[in-house]
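Presented below is the structure to which this report refers.
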Amino acid sequence: MRHMPSNADLTQKREERASEGRAQAGSQTLLRGLDVIEAMVDGPVALAELAARLDLTRSTTHRLATALVERRYLTFVPRLGYQFGPKLLELGFLAQQQTDVVQIARPHLEALAASTEDTVHLGILDHDRALYLDKIAGRRRVEINSRIGDRHPLTATGLGKALLLDAEADQWKRLFQKDHASGSPPADYDQWVNRMRGYVTAGRTYDLEENEDLIRCVAAPIRNASGAIVAAMSVSSAAQYMADERMETLTADVLHTARAISADMGWSAETARQARLGRGRR
Numbered sequence: 003m004r005h006m007p008s009n010a011d012l013t014q015k016r017e018e019r020a021s022e023g024r025a026q027a028g029s030q031t032l033l034r035g036l037d038v039i040e041a042m043v044d045g046p047v048a049l050a051e052l053a054a055r056l057d058l059t060r061s062t063t064h065r066l067a068t069a070l071v072e073r074r075y076l077t078f079v080p081r082l083g084y085q086f087g088p089k090l091l092e093l094g095f096l097a098q099q100q101t102d103v104v105q106i107a108r109p110h111l112e113a114l115a116a117s118t119e120d121t122v123h124l125g126i127l128d129h130d131r132a133l134y135l136d137k138i139a140g141r142r143r144v145e146i147n148s149r150i151g152d153r154h155p156l157t158a159t160g161l162g163k164a165l166l167l168d169a170e171a172d173q174w175k176r177l178f179q180k181d182h183a184s185g186s187p188p189a190d191y192d193q194w195v196n197r198m199r200g201y202v203t204a205g206r207t208y209d210l211e212e213n214e215d216l217i218r219c220v221a222a223p224i225r226n227a228s229g230a231i232v233a234a235m236s237v238s239s240a241a242q243y244m245a246d247e248r249m250e251t252l253t254a255d256v257l258h259t260a261r262a263i264s265a266d267m268g269w270s271a272e273t274a275r276q277a278r279l280g281r282g283r284r
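The sequence shown begins at 3 in the working numbering and counts up by one.
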C-alpha cells in the first residue's frame, strides 16, 4: 500500500522549503553586498554606473549601498558617488595586526613551549575581552580550557592582565567590575589593584588560579614600534608545576620571549623607555 503523507509531514516539508528559500535569499543578498564593496576598488562609483556594473536595478543597488553606508562599510561623496568607508579600514587594520603578530610570534612561542614543556598562548585585546589567537600545547598531560578564538576575561587571566599594564586605573576598575558582573570568580578589588601595580613594575603578570581552578600562568605584553601593547603571551600549566618559585624563574623566559617578539614587531629600547615614562605618570 502506498503511504500517503500526513498533514504534519506536508507542513514540515513546506517549512523546510521556506527555510531553505530564506537562507538562499540571505546568501544572495550577502553576495550582492560584497559585489557592491568590491566595485569600489578603483575609487568612487556613481549609483548609475554601480548598477550597470552589477547588472542590478537602480533601486536594488541603492538599497544595498544605503545599508552598507549605515554600517560604515561605504561612504557617499556628493558628485562622486560611493567609496570605501571607515569600517573597512578598521577591519583591515585588525586583520593585518592579527595575521602579523601570529606569524611573527609563532617560532618564538614554539621554542618557549618546547623549553618549558608547558602550554603557551597568544592573544589580543578585543572589545573588553582577551581574544586567543594561538595556542601551543606543552608536553605535560595538563588539560587547559582554552581554544584559539576563545574570548576570556581580561582581569581574571594572566594574558588579559598583561594587555592592561598600560591602562589607566579607572579603566582597570571598569573592566574588573564588568568581568565580575558577567560571571568571573569573586575577587577583592583592592588586592587585585595592588597586584596589578606590582605587575606594572615587574613588566609581567600572573594568573593565580583566578580564571580556571588549579591552572596558573605567567604572562607578558608584546609591543609594537610605537611602544604600544598590541598583544600578550603566556605560559600556563597545572598549579602543581607552577609553585611560586617556578613562576619567578619562568618570568625571565617569558619576558625574554615577549621582548624578542616585540623586537620583531619594531619595538626598541627607546620605545621601552618612553613606555615606562608614560606608566610612571599614572
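Heads up, the beta-carbon is just placed ideally off N, CA and C, and yes, glycines get one too.
On a Cα-Cα basis, can you pick out the residue from 134, 48, 59, 125 that is closest to residue 82? 48
Below 8 angstroms between beta carbons: does that hold for residue 237 and residue 156? no
Relative to the C-alpha of residue 142, which candidate in 117, 255, 51, 205 has its C-alpha closest? 117
Minimum length 3: unbroken beta strand (DSSP E) runs contained in the stretch 49-81: 76-79
Buried or exposed, going by whether 16 or more other CB atoms sit within 10 Å of the CB of residue 1? No answer is possible for residue 1: the residues shown for the chain start at 3 and end at 284.
Our contact map puts residue 191 next to residue 167 with C-beta atoms below 8 angstroms; I'd like the distance itself, whole angstroms only. Actually they do not touch by this definition, with Cβ atoms about 17 angstroms apart.
Helix or strand or just coil, what does DSSP make of residue 133? strand
Inspect the CB distances between the stretch 221-229 and the stretch 178-196 and report whether three or more fall short of 8 angstroms. no
For residue 266, three-class secondary structure by DSSP: helix
Quick one: grab the DSSP three-state call for residue 144. coil
Could you compute how far the alpha carbon of residue 66 sits from the alpha carbon of residue 129? 28 angstroms
Where residue 271 sits in the DSSP three-state scheme: helix
How would you label residue 95, buried or exposed, when you count the other beta carbons within 10 angstroms and need 16 or more for buried? exposed
Given this structure, state the Cα-to-Cα distance separating residue 50 from residue 32, to the nearest angstrom. 21 angstroms
Applying the 10 Å Cβ sphere with the 16-neighbour rule, what's the burial state of residue 271? exposed
For the candidate residues 77, 121, 159, whose alpha-carbon lies nearest to that of residue 46? 77
DSSP puts residue 237 in a beta bridge; with which residues? 122, 220
Find the nearest neighbour of residue 207 within the set 213, 220, 29, judged by alpha-carbon distance. 220
For residue 268, count the other beta carbons within 10 Å of its own beta carbon; 16 or more makes it buried, fewer makes it exposed. Which is it? exposed
In the structure shown, what three-state DSSP assignment does residue 190 receive? coil
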